[in-house]
């Protein structure tokens, strides 16, 4: 891939991450910082091809779902990271499927992994936030005026999913009480 394309995609992803971080911070779901873990980044890179195989066919009919589920995956992975990463680090991507496979992955992760009742106020706020972020992501992709179904569209979509997964991990890490703190020498 040409360096100019890589630079363009890097800028797009950075802008998207900042936009999503601001949205989450404005809603008090994050504190202006993107909590991350190298373990979770590696996990995403391992499962991302499987996710893309499920998500790409959904883009035309369900564009927000195709990016939103990456955020939910980030939350589920972060939960497993906190519980017992030695056990869960090799979890198969399909473990995150709901009883209807990819279609209801969101409900499965929220209800069965994060242990939130789907009717709870916390779950409703989370769903609203994820929907807003997914719509913002799709809007930003469209704003780039990339030719649909082109290689560049695929690359931009993949970068958007990277950003959504990262935001998902940050949201869940914050929910579990993680925060940045200065280490004194």
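Numbering (this note's numbering), first residue to last: 4 to 188. The beta-carbon is built from N, C-alpha and C at its ideal position, and this holds for glycine as well.
Nonlocal neighbours in the same chain, by C-beta distance under 7 Å from residue i, ignoring five residues either side
i, result
"residue 121", "110, 113 and 114"
"residue 107", "101"
"residue 28", "34 and 35"
Which listed residue (the options) has its alpha carbon closest to that of residue i
i, options, result
"residue 88", "132, 16 and 42", "42"
"residue 52", "140, 146, 104 and 97", "97"
"residue 66", "135, 169, 172 and 104", "135"
"residue 104", "140, 182 and 58", "58"
"residue 13", "163, 68 and 172", "163"
"residue 172", "60, 50, 40 and 64", "40"
"residue 77", "170, 92, 64 and 17", "170"
Local conformation of residue i per DSSP, three classes
i, result
"residue 35", "coil"
"residue 79", "helix"
"residue 171", "helix"
Spatial distance of residue i from residue j (CA atoms)
i, j, result
"residue 11", "residue 48", "20 Å"
"residue 54", "residue 75", "12 Å"
"residue 118", "residue 153", "39 Å"
"residue 25", "residue 143", "14 Å"
"residue 23", "residue 150", "23 Å"
"residue 31", "residue 160", "27 Å"
"residue 45", "residue 84", "12 Å"
"residue 62", "residue 124", "29 Å"
"residue 130", "residue 5", "38 Å"
"residue 157", "residue 15", "13 Å"
Own chain residues within Cβ distance below 6 Å of residue i, not counting five before or after
i, result
"residue 189", "Any answer about residue 189 is impossible in this case: the structure gives the chain only from 4 up to 188."
"residue 3", "Any question about residue 3 goes unanswered here, given that the chain covers just 4 to 188."
Range of the contiguous alpha helix (DSSP H) that encloses residue i
i, result
"residue 53", "41-58"
"residue 182", "Looking at the DSSP string, residue 182 is not in any alpha helix (DSSP H), and its letter there is neither H nor E."
"residue 16", "6-29"
"residue 145", "124-146"
"residue 108", "108-111"
Close Cβ partners of residue i (< 8 Å) along its chain, the five nearest in sequence each way excluded
i, result
"residue 82", "116, 117, 175 and 179"
Within-9 Å CB hit, residue i to chain B
i, result
"residue 133", "No chain B is part of this structure, which consists of one protein chain only."
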